[in-house]
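*Asks:*
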């Protein structure tokens, strides 16, 4: 399995300026928290999934479907237990607490899916360049880009080491969950050692190329915001305005819920 998330599709979402995609990502986060009600949260989730469909990036959600499912189940159960309301549903669970738990689960999954779509449609270089263009210091933008790139590198190293140990006769798939976890724990040592070595080589490569020696930098990738970016931002502004208007009018809330 390819550990990298970016999908080179050439869709209209891919062709957006990275600054526009960052603003759209922040807008999705804001929309996710506007409505406590799961009914309105599902609409926000549908809008995010529509953007993922336009970007042809929904295939990446197969990698995290179990995580999304577990987050939804655990969040709903916990809020149903520890929340309270006025309408009895069953046993000690109140209807308002269940609805609030479903709403929180929808928010969390929406944010994770929006982030996955952003990483599926934006290269690491574009993320760093976009951060610099919005005023973030280059060193911080480079650190963010490097951290995003480091995660799939570590996963690829772990997969390579696991395959090497399997070829030597190590059985990693038999036994209970605890036994399989115990078998995989020793593999963390070579993964960490390999990561530290790669980091050391990476730092020497940066020093040899004079990283941070100059005040002003030039960039190979050049971006400019065009009509499609203006249209996307205008749609986001309209959606946010409609969402806040509905919330101010009292829609999308859960009456009677208390923590």
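Numbering (our numbering), first residue to last: 241 to 499. The C-beta atom is built at its ideal place from N, Cα and C for all residues, glycine as well.
Can residue 280 and residue 497 be called in contact, C-beta distance under 8 Å?
*Replies:* Counting from 1 along the chain shown, the entry for residue 280 is found at position 40. Counting from 1 along the chain shown, the entry for residue 497 is found at position 257. No; because the gap between Cβ atoms is not below 8 Å, this pair is not in contact.
*Asks:* Looking at C-alpha atoms only, which residue of 388, 348, 433, 343 is the closest neighbour of residue 364?
*Replies:* Locating residue 364 in the chain shown gives position 124, counting from the first residue. Ranking 388, 348, 433, 343 by Cα distance to residue 364 puts 388 first.
*Asks:* Beta strand (DSSP E) containing residue 358: first to last residue?
*Replies:* Counting from one through the chain shown, the residue named residue 358 turns up at place 118. No beta strand (DSSP E) holds residue 358; the alpha helix (DSSP H) holding it covers 335-361.
*Asks:* For residue 273, I'd like the list of residues in its chain whose CB is within less than 8 Å of its CB, leaving aside the five on either flank, ordered along the chain.
*Replies:* The count along the chain shown starts at 1 and reaches residue 273 at position 33. The answer, listed in chain order, is 347.
*Asks:* For residue 328, name the three-state secondary structure that DSSP assigns.
*Replies:* By 1-based counting over the chain shown, the position of residue 328 is 88. The answer is strand: DSSP assigns residue 328 an E or B state.
*Asks:* Tell me, please, which residues DSSP counts as bridged to residue 498.
*Replies:* If you number the chain shown from 1, residue 498 lands on position 258. Paired residue(s): 324.
*Asks:* Could you check if residue 417 is buried or exposed, using at least 16 other CB atoms within 10 Å of its CB as the buried criterion?
*Replies:* Position 177 of the chain shown, counted from the start, is the residue given in the question as residue 417. Looking at its Cβ environment, which holds fewer than 16 other Cβ atoms inside 10 Å, residue 417 is exposed.
*Asks:* With the cut-off set at 8 Å, would you say residue 265 and residue 358 are in Cβ contact?
*Replies:* By 1-based counting over the chain shown, the position of residue 265 is 25. By 1-based counting over the chain shown, the position of residue 358 is 118. Yes. Within cutoff.
*Asks:* Let me confirm a value: residue 247 is counted as buried when at least 16 other C-beta atoms fall within 10 Å, else exposed. Which label applies?
*Replies:* Numbered from 1 along the chain shown, position 7 holds the residue referred to as residue 247. The residue is buried, with at least 16 neighbouring Cβ atoms inside 10 Å.
*Asks:* Exposed or buried, residue 319, counting other C-beta atoms within 10 Å across all chains shown (16 or more means buried)?
*Replies:* Taking the chain shown and counting its residues from 1, the one referred to as residue 319 is at position 79. Residue 319 should be labelled buried.
*Asks:* I'd like to know whether the C-beta atoms of residue 260 and residue 465 end up nearer to each other than 8 Å.
*Replies:* Looking up residue 260 in the chain shown gives position 20. Looking up residue 465 in the chain shown gives position 225. Against a cut-off of 8 Å, the Cβ pair of residue 465 and residue 260 comes out as a contact.
*Asks:* Apart from the five residues on each side of it in sequence, which residues of its chain come closer than 7 Å, Cβ to Cβ, to residue 369?
*Replies:* Taking the first residue of the chain shown as position 1, residue 369 is located at position 129. 258, 459, 461, 463.
*Asks:* Does the Cβ-Cβ distance between residue 290 and residue 356 come in under 8 Å?
*Replies:* Stepping through the chain shown from its first residue, residue 290 is reached at position 50. Stepping through the chain shown from its first residue, residue 356 is reached at position 116. No, these two residues do not count as a Cβ contact at 8 Å.
*Asks:* Just tell me which of 313, 316, 338, 390 has its CA closest to the CA of residue 325.
*Replies:* In the chain shown, counting from the first residue as 1, residue 325 sits at position 85. Minimum Cα distance to residue 325 is reached at 338.
*Asks:* To the nearest angstrom, report how far apart residue 297 and residue 249 are at their CA atoms.
*Replies:* The residue you call residue 297 lines up with position 57 of the chain shown. The residue you call residue 249 lines up with position 9 of the chain shown. The straight-line gap from Cα to Cα measures roughly 8 Å.
*Asks:* Ignore the nearest five residues each way along the sequence and tell me which others in residue 282's own chain have a CB closer than 8 Å to its CB.
*Replies:* One-based indexing of the chain shown puts residue 282 at position 42. So the list reads 346, once near-sequence residues are dropped.
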